[in-house]
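> Structure below; questions to follow.
Residue numbers (the working numbering): 82 to 163.
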């Protein structure tokens, strides 16, 4: 399981629309929306490849100015380690 925290930047007037698009995306959760249009978002995905795909998709969403990785962690599945 890959868990990433990203900062998504949008113009303030586009913030609500961008937030709605993010919330419709599987594995994406919006935690904070600032008045200036920046958002703290997490991405949870099954693999690094899926994380990168979601990250790139966010960057292409209408109204998104930039997306920056803030944190990335890979959690192992204890059942797969046995």
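We put the beta carbon where it would ideally sit given N, CA and C, even for glycine.
Let me make sure I understand the geometry here. Which of 130, 138 and 133 has the alpha-carbon closest to that of residue 105?
The candidate whose alpha carbon is nearest that of residue 105 is 138.
> From the DSSP output, in three-state form, read off residue 97 for me.
Correct three-state label for residue 97: helix.
> How should residue 117 be labelled, buried or exposed, when 16 other C-beta atoms within 10 angstroms of its C-beta is the threshold for buried?
Exposed, by the Cβ-count rule.
> Taking buried to mean at least 16 other C-beta atoms within 10 Å of its own C-beta, is residue 155 buried or exposed?
Looking at its Cβ environment, which holds fewer than 16 other Cβ atoms inside 10 Å, residue 155 is exposed.
> Enumerate in chain order the residues of its own chain whose CB-to-CB distance from residue 140 is below 6 Å, with the five nearest sequence positions on each side excluded.
Answer for residue 140: 148, listed in chain order.
> Suppose contacts are defined by Cβ-Cβ distances below 8 Å. Is residue 99 in contact with residue 112 by that definition?
Cβ atoms of residue 99 and residue 112: not closer than 8 Å.
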